[in-house]
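Residue numbers (the numbering used here), protein chains in the order written: chain A, 17 to 1134; chain B, 2 to 287.
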């Protein structure tokens, strides 16, 4: 480029950099989208070059991060839509591997070099988008980590590496026994409630980027759960206990999780996933008892304890959460972490007072340590989550960083905000009382993963996307309004404001915060309480879990009772479509005026909570009393005395007796259920035993899924397929339209699968999940597919038969939904095709787990999160050994032990269950089936593609799309000279996939008679069950069986969930293309038509990149 | 300002017999710790010394210090009510004058010609205020010492204006309140065990002893912290060595330090080397 060209380029490029670097807020807060909408492809590419150069040179964290997010958004949302952008290209495998290993910078170098060499295209842009986004979040996370480490009071913990250097000592008050009993320090901590929904402004990154907008009205509350319309008086829900013991070890117990562990080595402390005590371990580390600097130290834990407490002594820490379920959106886990940290800090002299309240400075340090603890445990929320450490109602505000802050010069805001507790003038006692009398707090029971939402918010705020940025301003003004209304004491108006906030800015920023469940609850409460329902109030990251409803105080008690019913009924309606973790609950609450608070019990009063003894005493009683330490014997004496004399320990003796002599578990029912289900759903015991034997014998397994390594696998050439992305011949369109008008085509939607990536193994039906608002209403996948068939049927003047294949997992829910919704008023034949085969999950082989985790490319996580995952993997390998590799998996609800066996069976099922025969009797003119996945939302009965299929006379036409980075799992290839679809599982080496230009959409056009011919059947023979079954079994043996590892959820306790890997097998329909006698064609379709919506986390991008709008254009709602 | 009186506290728990231990001083003569301390103090120009002892300890101390005649005085601390209380017990001896204060279980080895106390007293006299000696100390020793936070005074090497004093702080608190510019990471200014204090300290101690009502131990650190709020109070950073003879092997280490800095240096070094060599050679022969 000549000098003038460079000058022009520089002038042009300055535009986005100017936005990033501007000190004037009007310029700095300009939207990227607005600029990109009118910019040409060339201009955007030039901007990308400039931004990439700029972010490499800038020293300022936020300039760098904003440039990275701009680059991400341009590549993800804008460049692919620009005129002249090439479709398809190769994504270099080494760049992909860099992404998996979080080496984003190197990945960007590889992708940019590819872009320069081969020219820009949407494939490489998709890869660049992922890399820039990853680098953006990595840069932000690194900064938060640095800030946490550099908070004054935390730094020493990272320097202390040897037990002999440990500078803390347990306070003498705790080492002094009375009546042989060590004193117990008990910390009680309220949880926090966010009165306005902060618009997620307390996410660390956002507070540091825009501290002026980071504000939260945060209230510390005590809670109790109502049971059958009654509850005990609210109390601080979180408790932590600390005491010295006369054994040189660390004993950790979580009363509510029923878990206890004796820790004798330093390495065990840093193994968070080993048991359910990760939170306690994080607190032990973050409080400095075992400073983070000691990770990897080889010295005995006893040496460290000798320094801390004295030779021969140790520490016991106990946590308890009083009946509050997980996912309450009240920051229970952060409050518990803070409570544990506070008790440990007091015990080691890091707080001035052993008991009572903490000073402001100490609260701040506890909050900073809680952030550190969350990071250690691989999680993290926002800074308001430790609000329960402070008392009462307060305004928490982001702060500009000053010269004395570690963030100064790096980010505009500080990591830690400031807390201002409202005075009585600002919120009178009367207003506080009214608030308590009006608000009904609930847990709706939904299982939620707010992680993706927090990332979406971060991204949108940093991009200053127009609507979202305006929404943020509105949310900020609503906060000001609530502050004023609190001063005025107008609770009804507060209800109105929080309601407006939820339905307005919050859902503008993140549409996924609301859902069908919350919409229905709001409607039903409104219908029942009318004007006495003053407003909905969303708590935390997303609705469906913790929520608030504000009522006229006169009707609060009635509302509490009714809400319990309304929520339970609504949950029952939706529970097969929406993941619920537990039964909904209603709380009683009161404002806590103390914040975190500690008391010391000494002598005979120094007992742990009753639940602790229920857990510990049975094992102590089995031991020889003479071998128990003196203090344990004394404790048992006191406990026995308390059981006899204190009414609150009334049922304890019976409970201990039951634990000592457990009754035989009556699980006969569930085993029987499982057997019944297996019989009912067509379980093939012989095949199962064969698979088990092969699995244990090493004849099948993850590694054996792959084709031989000497298979010749190449990319296809343009002659191997035809391109429908640039439009199709008119003649095909007419041919297809005529065929449709003649009733020659039907649609088959594959809905038998578990959709495990979508539901995360929750056992709900993806097809029924109301995933998005379309046409102003929450719609599920089934309804969307029917709407497209309705539209096409109307256009050609002939209804299109629509078949939905189901399985044991999905049949009843889909059938009842369709019945309830009157088939969504679908005008044509609508049939369900129930599954005929089911598998029983097995405990995985350790070699398969190792293969999955160690030998296939895995996404490396953030350093600390990865440590947690590695620890978890070790624990799960131990679990598999303990349970018996290859054994049946039966330790869960019966339905969770079964598995669908892959979509290969879904078409043969049409023959076996008589649905195809019925269809042909209704529509004898039927010739073709369009088969598609339930999550291929953009697909419809396209007349031109149908026309081309007919014109070519193929038995089968597969739709493929050009590959983008997220399209993993095989593609179209020439395998040993034969063009076919190949599954990712079958590729001998992972990198081969990156040489394949096209990805399988799993949409197939099938000529019915040709398919029957392949099975050796005719239309007339479809009525012969035995013949059909034999034909299907015969062809099934020619299909490869893949062994896969899937995650399954097991729920327990109060909304707790564990995820286990299980082995299952599947056969896949795309492998039919490998049959030499199958006459296949392949067509490249536009991405909007062929892409699949696999993960909830992709919803936001799907909405923003035009996919949702495209889908709406295909639908006609009934 | 003249500093003619000194108070040495020797009534602490486990501290009472330590000053009676015998060592070979750097001049090669055998002396008790008590005498070494008395000579250190007298070199600084002090004329009279008061030992704060538990009742009953006075006799062996007096016998050991007999050669210093009437310059040695004793007061009793009836109950072990803390370091601050021990100093407070000497208020009548001190009167309304500045005084030098040491603890009875520490020995000092100076790296220069002047003794540690000489330099301290000189600084206190020139600044005309209370001065405590301090030393940059790694944070893992914080559980053993009082520590100060403050700012270095420009153009006065090693002198700091004290802003806060905390007894045995945790590093958590030290990092927040006792960070001193110019010190290495993880190092704090901990007490070296010598102070020149103005008589105003007794007013503060009186308040604190009164508030404690004989039930709560009174620390000197708390009184010094208050002193820093009321008037100018400085810290002098020492680069010499102090030896706590009350800790495990403390007496032996102090003896070695004295020997290695005195006239018997070569003799002691030779004996140490012989000990080590013999041990290692013996091990190899095994």
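Where a beta carbon is used, it is the ideal one built from N, C-alpha and C, also for glycine. Because the structure is a prediction, the values reported are computed rather than measured.
Comparing C-alpha positions only, which one of the options sits nearest to residue i?
i                      : options                    : result
residue 200 (chain A)  : A:651, A:674, A:86, A:136  : A:651
residue 80 (chain A)   : A:71, A:86, A:88           : A:71
residue 648 (chain A)  : A:316, A:328, A:460, A:261 : A:261
residue 871 (chain A)  : A:637, A:702, A:1005       : A:1005
residue 134 (chain A)  : A:731, A:108, A:755        : A:108
residue 478 (chain A)  : A:567, A:886, A:219, A:927 : A:219
residue 98 (chain A)   : A:139, A:55, A:112         : A:55
residue 375 (chain A)  : A:864, A:611, A:198        : A:611
residue 254 (chain B)  : B:109, B:83, B:44, B:85    : B:109
residue 146 (chain B)  : B:155, B:123, B:170        : B:170
residue 1084 (chain A) : A:1011, A:997, A:642       : A:997
Just mark residue i as buried or exposed, buried being the case when its beta carbon has 16 or more other beta carbons within 10 Å.
i                      : result
residue 131 (chain A)  : buried
residue 635 (chain A)  : exposed
residue 127 (chain A)  : buried
residue 209 (chain B)  : buried
residue 136 (chain B)  : buried
residue 127 (chain B)  : exposed
residue 1068 (chain A) : exposed
residue 1121 (chain A) : buried
residue 1135 (chain A) : The structure shown does not extend to residue 1135 (chain A), since chain A spans only 17 to 1134, so no value can be given for it.
residue 685 (chain A)  : Its pLDDT being 49, under 50, residue 685 (chain A) is placed unreliably by the model, and nothing is read from it.
residue 734 (chain A)  : exposed
residue 697 (chain A)  : buried
residue 536 (chain A)  : buried
residue 357 (chain A)  : buried
Do residue i and residue j have their CB atoms nearer than 9 Å?
i                      : j                      : result
residue 366 (chain A)  : residue 353 (chain A)  : no
residue 77 (chain A)   : residue 427 (chain A)  : yes
residue 323 (chain A)  : residue 622 (chain A)  : no
residue 916 (chain A)  : residue 855 (chain A)  : yes
residue 338 (chain A)  : residue 251 (chain A)  : yes
residue 247 (chain A)  : residue 254 (chain A)  : no
residue 487 (chain A)  : residue 271 (chain A)  : no
residue 1091 (chain A) : residue 922 (chain A)  : no
residue 952 (chain A)  : residue 1108 (chain A) : yes
residue 601 (chain A)  : residue 588 (chain A)  : no
residue 887 (chain A)  : residue 288 (chain A)  : yes
residue 507 (chain A)  : residue 576 (chain A)  : no
residue 1098 (chain A) : residue 988 (chain A)  : yes
residue 232 (chain A)  : residue 205 (chain A)  : no
residue 782 (chain A)  : residue 950 (chain A)  : yes
Compute the beta-carbon to beta-carbon distance between residue i and residue j, rounded to the nearest angstrom, for a pair I have assumed lies under 8 Å.
i                     : j                     : result
residue 95 (chain A)  : residue 60 (chain A)  : 6 Å
residue 858 (chain A) : residue 905 (chain A) : 6 Å
residue 189 (chain B) : residue 179 (chain B) : 5 Å
residue 150 (chain B) : residue 181 (chain B) : 6 Å
residue 752 (chain A) : residue 966 (chain A) : 7 Å
residue 528 (chain A) : residue 607 (chain A) : Actually they do not touch by this definition, with Cβ atoms about 31 Å apart.
Residues within the segment 133-156 of chain B neighbouring chain A, beta-carbon criterion of under 7 Å: 140, 141, 143, 144
Would you list, in chain order, the members of the segment 302-321 of chain A that have their beta-carbon closer than 8 Å to a beta-carbon of chain B? 304
When Cβ atoms are compared, which residues of the segment 13-29 of chain B fall closer than 8 Å to chain A? Those would be none; no residue qualifies.
Listed from N- to C-terminal order along the chain, which residues in the segment 185-204 of chain B have their beta-carbon within a distance smaller than 8 Å of any beta-carbon of chain A? 186, 187
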